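First the structure, in the form of structure tokens, and then the observations on it.
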Amino acid sequence: MSTQASILKVENIVTRFHTQDGLVYAVNGISFDLKKGELLGIVGESGSGKSVTMMSLLKLLPMPPAEIVSGTAKFEDQDLLQLDTKQLRKIRSGKIGFIFQDPMTSLNPVLTIGYQLAEPMREHLGLSRRKARKRSAELLEQVGIPMAESRLGDYPHQFSGGMRQRVMIAMALA
Ligand SMILES: Nc1ncnc2c1ncn2[C@@H]1O[C@H](COP(=O)(O)OP(=O)(O)OP(=O)(O)O)[C@@H](O)[C@H]1O
Ligand SMILES: [Mg+2]
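Numbering-wise (the numbering used here), the sequence shown opens with residue 9 and increments by one.
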């Protein structure tokens with residue numbers, strides 16, 4: 009057992025959906041505790057509520073139909089579930105990176121990969137255009153995209169599914 013402090017302590021999250029056919033109970037009281045330096049994998053069959061659990065933590069679900077009925081998610085002395093959209097946006101852009109399951113719907117199809125990587129770094133980290141571009145290439149390389157710099161001008165459809173998911177990982181790292 010680890011004696012390290014918790015980074016994220018989730019207790020008893022219940023999330024359900026109000027649908028035309030009635031209530032769908034997607035997450036029924038999940039709890040877990042993530043310590044500093046730990047990696048936590050959550051495993052379960054398709055539809056068992058893994059994505060809904062994580063999206064509940066950052067209020068990434070459309071509400072309605074989704075409703076977080078109960079639970080707490082303690083992150084740095086605050087309960088994520090009690091934060092408003094503005095506070096959560098700050099955490100999402102600075103402290104918790106989220107890699108969506110379907111990268112095609114989270115990348116903008118009409119903007120280049122390089123732009124989509126660099127723009128948030130310019131905005132949130134205040135990097136110059138040149139520095140952000142250089143950092144984007146480094147990050148792409150870090151996640152295993154060959155000839156990264158030459159691919160910054162590509163659009164998402166020019167990348168494979170796995171490569172697009174790597175771009176999302178690069179964004180989370182950034
Ligand atoms: N918008 C929605 N409206 C109604 N039900 C939903 C909605 N989104 C998800 N669900 C339901 O919530 C349950 C949990 O879905 P979730 O996406 O969390 O599964 P998962 O464990 O991530 O599965 P997978 O391994 O396939 O990604 C499923 O029964 C799903 O049908
Ligand atoms: Mg999922």
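Where is the CB? At the ideal position from N, CA and C, for every residue including glycine.
All values derive from a computational prediction rather than experimental measurement.
First and last residue of the uninterrupted alpha helix (DSSP H) at residue i
{"i": "residue 13", "result": "It is not in any alpha helix (DSSP H) - residue 13 carries neither H nor E in the DSSP assignment."}
{"i": "residue 168", "result": "Segment: none, residue 168 is in no alpha helix (DSSP H) and carries neither H nor E."}
{"i": "residue 147", "result": "137-150"}
{"i": "residue 123", "result": "121-133"}
{"i": "residue 56", "result": "Taken as a continuous stretch (DSSP letters only), residue 56 belongs to no alpha helix (DSSP H), as it is neither H nor E."}
{"i": "residue 1", "result": "Residue coverage of the chain in this structure runs from 9 to 182, which leaves residue 1 outside it and unanswerable."}
Heavy atom of ligand 1 within 7 Å of residue i beta-carbon
{"i": "residue 27", "result": "yes"}
{"i": "residue 224", "result": "What is shown of the chain runs 9 to 182, which leaves residue 224 out entirely."}
{"i": "residue 64", "result": "no"}
{"i": "residue 32", "result": "yes"}
{"i": "residue 72", "result": "no"}
{"i": "residue 55", "result": "yes"}
{"i": "residue 52", "result": "yes"}
Closest residue to residue i among the options (Cα-Cα distance)
{"i": "residue 45", "options": "100, 130, 13, 98", "result": "13"}
{"i": "residue 168", "options": "135, 144, 115", "result": "115"}
{"i": "residue 79", "options": "89, 70, 175", "result": "89"}
{"i": "residue 31", "options": "77, 146, 102, 50", "result": "77"}
{"i": "residue 39", "options": "52, 61, 29, 33", "result": "61"}
{"i": "residue 85", "options": "27, 75, 160, 15", "result": "15"}
{"i": "residue 35", "options": "28, 64, 29, 43", "result": "64"}
{"i": "residue 99", "options": "29, 56, 68", "result": "68"}
{"i": "residue 151", "options": "182, 87, 52", "result": "182"}
{"i": "residue 109", "options": "29, 27, 33, 54", "result": "54"}
{"i": "residue 43", "options": "173, 83, 70", "result": "83"}
Whole-Å CB distance - residue i paired with residue j, under 8 Å assumed
{"i": "residue 148", "j": "residue 140", "result": "No, residue 148 and residue 140 are not in contact; Cβ-Cβ is about 13 Å, not under 8 Å."}
{"i": "residue 96", "j": "residue 66", "result": "6 Å"}
{"i": "residue 138", "j": "residue 129", "result": "The Cβ separation is near 12 Å, so there is no contact."}
{"i": "residue 134", "j": "residue 180", "result": "Not quite, the Cβ-Cβ distance comes to about 19 Å (not below 8 Å), so this is no contact."}
{"i": "residue 17", "j": "residue 41", "result": "5 Å"}
{"i": "residue 37", "j": "residue 21", "result": "7 Å"}
{"i": "residue 176", "j": "residue 153", "result": "Actually they are not in contact, since the Cβ atoms of residue 176 and residue 153 sit about 12 Å apart, beyond 8 Å."}
{"i": "residue 145", "j": "residue 160", "result": "6 Å"}
{"i": "residue 25", "j": "residue 81", "result": "With a Cβ gap of about 19 Å, residue 25 and residue 81 do not count as contacting."}
Near ligand 2: residue i beta-carbon under 7 Å from a heavy atom
{"i": "residue 109", "result": "yes"}
{"i": "residue 114", "result": "no"}
{"i": "residue 59", "result": "yes"}
Segment limits, beta strand (DSSP E) that includes residue i
{"i": "residue 99", "result": "Unbroken run through residue 99 is the alpha helix (DSSP H), 93-102; no beta strand (DSSP E)."}
{"i": "residue 39", "result": "30-43"}
Contact test: residue i Cβ vs ligand 3 heavy atom, cutoff 7 Å
{"i": "residue 161", "result": "Among the ligands modelled here, namely ligand 1 and ligand 2, ligand 3 does not occur."}
Using 8 Å as the cut-off, can you tell me whether the region 156-168 makes contact with the region 118-136, which would need three or more C-beta pairs spanning the two stretches below that distance? yes
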